[in-house]
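Okay, structure first, notes after.
Protein chains: 2
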Amino acid sequence: MAGQRDEGGEVVTSTPTAPGADRVAAPRVAADDAGSASSGAPADQAPEPTARERARAIPEAAVARLAIYLRVLSGLAEQGVNTISSEELAAAAGVNSAKLRKDLSYIGSYGTRGVGYDVDVLVGQIERILGLTRKHSVCVVGIGNLGHALANYGGFPGRGFPVAALFDVDPDLIGVPVGGIPVDHVDDIPRVVAEREVSIGVIATPPPAAQEVCDRLVAAGVQCILNFAPVVLQVPDDVEVRKVDLAVEMQILSFHVARRADEAAEAAGEGADLSDVDGVVMRR
Amino acid sequence: MAGQRDEGGEVVTSTPTAPGADRVAAPRVAADDAGSASSGAPADQAPEPTARERARAIPEAAVARLAIYLRVLSGLAEQGVNTISSEELAAAAGVNSAKLRKDLSYIGSYGTRGVGYDVDVLVGQIERILGLTRKHSVCVVGIGNLGHALANYGGFPGRGFPVAALFDVDPDLIGVPVGGIPVDHVDDIPRVVAEREVSIGVIATPPPAAQEVCDRLVAAGVQCILNFAPVVLQVPDDVEVRKVDLAVEMQILSFHVARRADEAAEAAGEGADLSDVDGVVMRR
DNA sequence: GTATGTGAAAAAGTTCACAGCC
DNA sequence: GGCTGTGAACTTTTTCACATAC
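If you read the sequences in order, they're chains R and A.
Using our numbering, the letters of the first sequence map in sequence onto residues 1 to 284.
Using our numbering, the letters of the second sequence map in sequence onto residues 1001 to 1284.
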């Protein structure tokens, strides 16, 4: 049990105008010039799923879960576990096993029937699909409390995401090393981002500054942004934004506290009603 | 445009065995304990949908968005805006207007056709639904980099979430005030949580400690947890867990970077195919 | 004329359940 | 006997489109 939902941040991307086109194999022109299928990318016809196309077909929700499976699997690998069944892995990841198997099926068939999955193989395949075989340099903008904490992670979660630059506007901070990296002025974003090939920008500024910082990052060529500022960022379609929003998280919890209280109240009422029905008057 | 998805954390709750039962209005007997109608906002009076029952019916996904609308609306209210259309509000919140209207419809009908919504009314209603009319005391466990940052928010995002207690295991930290609140030892969780009526626990410990801390919080009666540790927490069905997972967020961004690169490559390949179709043999 | 509120349709995501393979 | 991989059924969420009300 312990059903789990997961999913995070916001996605602000290419929003395909034609809905559903996402999962469908490239439509293209109907006229398939049969034989002429060139070696390069034989989309239709030939099976050959090609990691490329497969990546396209992975539901957004499954991607988030793959990252979790990866973490669980890495832990298992360290403990020397070699093989695991979908049931076990699902339990460890807090999802049900059918979902887990379906998620894994999006990336290919790497299990062995009657046996389970090889942990190392799975780790490798998920890393490949998530693009973790490549390093993604990160910059953090806004070196306040949170920015500090982020910078000090020194090499973002699980490595593969080295922090390559820090930015702020505070003159007192410029040049000061935080987590080993000197802070640059936000005006230098274009130059530094280009020089250090930053591909992911993390925004940890106060809300009023977030949109402008975002615009600068985008202008500098950053296409992926993780936003901690409680602001809805407006970005071009080709930029991906995910957000981490404390206030929203707290308020969702608040909603559930309230709902729970209401249910309790309701249940009490129901109990009372039933008592009445049963002829019993005292409640509880 | 700029379609947005949103949703965060994980939900590990009551998982109703009967699917779909969630959305159904409480069966109950008509007999509603009349008097209990909260004075503040006499909703519809006539059929009395009862905020209680309605809250049950709000899709999880909509709740997260309501929190965002609330923030946008609060900003507008401060700017002196009195009325707003679904189209405008949707744009500001980064969703499409149909979705926004549907989301708002879950909480009631507070708009005026041909006009739009009264900002203050909407703020009030969303706050009510999210349970923000009540204060929810928060405790933070794990006063490291992140815990510090969280404690220093001093009164969590948008107030209504006062930080009432801090916990750690480090003897050097015990008694030291952070953000004005002295740190207690995790062994004191039961006592302090009860005394200060903490209803939300925030876990910012290193991964290995997270599950145990979680168990202690749950044992102390905390039913809502916000987890920053990169660990899948196992909790009873009646406890709500949401998580904020840096590594997962980064990896999802990584996936999109990779996908984007693949698409670019594919597009190049497709161009070549088309050349073939056109009778042109040379690619590129 | 304008904009909400909402049924009905479409899409996305989840779960079931079992054939297929070890 | 046991476990994966997946089509099909089902649930949830999103989008459409328009009657309804101002």
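Here a beta-carbon is modelled for each residue, glycine too, at the ideal position from N, C-alpha and C.
For this session: Would you kindly report the start and end of the unbroken alpha helix (DSSP H) that includes A:R1128?
Result: V1119 to I1129
Exercise. Per DSSP, what kind of secondary structure is A:L1315 in: helix, strand or coil?
Worked result: With chain A represented from 1001 up to 1284, any question about residue 1315 of chain A goes unanswered, as that position is not in the structure.
For this session: Flag R:E249 as yes if its beta-carbon sits less than 8 Å from any beta-carbon of chain A, otherwise no.
Result: yes
Problem set entry | Segment limits, alpha helix (DSSP H) that includes A:P1230 | Counting along the chain, A:P1230 falls outside any alpha helix (DSSP H), and DSSP gives it neither H nor E.
Exercise. Start and end of the beta strand (DSSP E) containing R:E240?
Worked result: E240 to K243
Problem set entry | Backbone CA spacing between R:L150 and A:Q1211 [nearest angstrom] | 23 Å
Problem set entry | is_contact[A:N1082, chain R] using C-beta, thresh 8 Å | no
Problem set entry | Distance between A:G1124 and A:A1098 (C-alpha atoms, nearest Å) | 21 Å
Exercise. Does A:V1072 get closer than 8 Å to chain R when you measure Cβ to Cβ?
Worked result: yes
Problem set entry | In DSSP terms, what A:V1213 is bridged to | In DSSP, A:V1213 forms no bridge with anything.
Exercise. Closest Cβ-Cβ distance between A:I1200 and chain R: below 8 Å?
Worked result: yes
Problem set entry | Check whether R:I252 and R:V222 have beta carbons under 8 Å apart | no
Exercise. Any idea if R:E127 is buried or exposed, counting beta-carbon neighbours within 10 angstroms, 16 or more meaning buried?
Worked result: buried
For this session: Pick out whichever of R:R71, R:I58, R:Y106 and R:D118 has its Cα sitting closest to the Cα of R:V81.
Result: R:D118
Exercise. Between the stretch 1091-1107 of chain A and chain R, which residues of the former have a C-beta closer than 8 Å to a C-beta of the latter?
Worked result: A1092, A1093 and G1094
Exercise. Can you give, in chain order, each stretch of the beta strand (DSSP E) that sits fully within the stretch 1175-1208 of chain A and has at least 3 residues?
Worked result: 1181-1185 and 1198-1203
For this session: Determine the direct distance from the alpha carbon of A:L1146 to that of A:A1247, and round the result to whole angstroms.
Result: 14 Å
Problem set entry | Per-residue burial, R:V140 [other beta carbons within 10 Å of its own, 16 or more giving buried] | buried
Exercise. Can you tell me the Cα-Cα spacing of R:Y69 and A:P1207, whole angstroms?
Worked result: 16 Å
Problem set entry | Whole-number beta carbon distance between R:I174 and R:H185, since they are thought to touch under 8 Å | 5 Å
For this session: Report yes if the CB atom of R:I143 is closer than 8 Å to the CB atom of R:L166, and no otherwise.
Result: yes
Exercise. Using a Cβ-Cβ cut-off of 6 Å (strictly less than) and excluding sequence neighbours within five positions of A:L1076, which residues of its own chain qualify?
Worked result: V1119
For this session: Check R:L132 in the structure and name its three-state DSSP category.
Result: coil
Exercise. In three-state DSSP terms, what is R:S97?
Worked result: helix
For this session: On a CA-only basis, which of R:T205, R:P236 and R:E197 is nearest R:V169? Give me that one, please.
Result: R:T205
Exercise. Under a CB-based cut-off of 8 Å, is A:A1258 close to chain R?
Worked result: yes
Problem set entry | Proximity to R:K243 [Cα-Cα], best of R:C224, R:H256 and R:P236 | R:C224
For this session: Keeping to the same chain, check which residues put their C-beta closer than 7 Å to that of R:D245; ignore five residues upstream and five downstream.
Result: P230
For this session: Rounded to whole angstroms, what's the CA-CA distance from A:A1090 to A:S1254? Just pull it up for me.
Result: 28 Å
For this session: Kindly indicate the opening and closing residues of the beta strand (DSSP E) around A:V1141.
Result: S1137 to V1141
Problem set entry | Neighbourhood of A:A1220 by C-beta, 6 Å cutoff - its chain only, sequence neighbours within 5 removed | I1189, P1190 and V1193
Exercise. Any beta-carbon of chain R closer than 8 Å to the one on A:P1171?
Worked result: no
Exercise. Nearest CA to the CA of R:G180: which residue from R:E197, R:P162, R:D172 and R:D237?
Worked result: R:P162
Exercise. Is any beta-carbon of chain R found at less than 8 Å from that of A:Q1125?
Worked result: no
Exercise. Counting along the chain, where does the alpha helix (DSSP H) carrying R:V63 start and finish?
Worked result: E60 to E78
Exercise. What are the partner residues of A:I1225, as DSSP defines its beta bridges?
Worked result: A:G1201 and A:V1241
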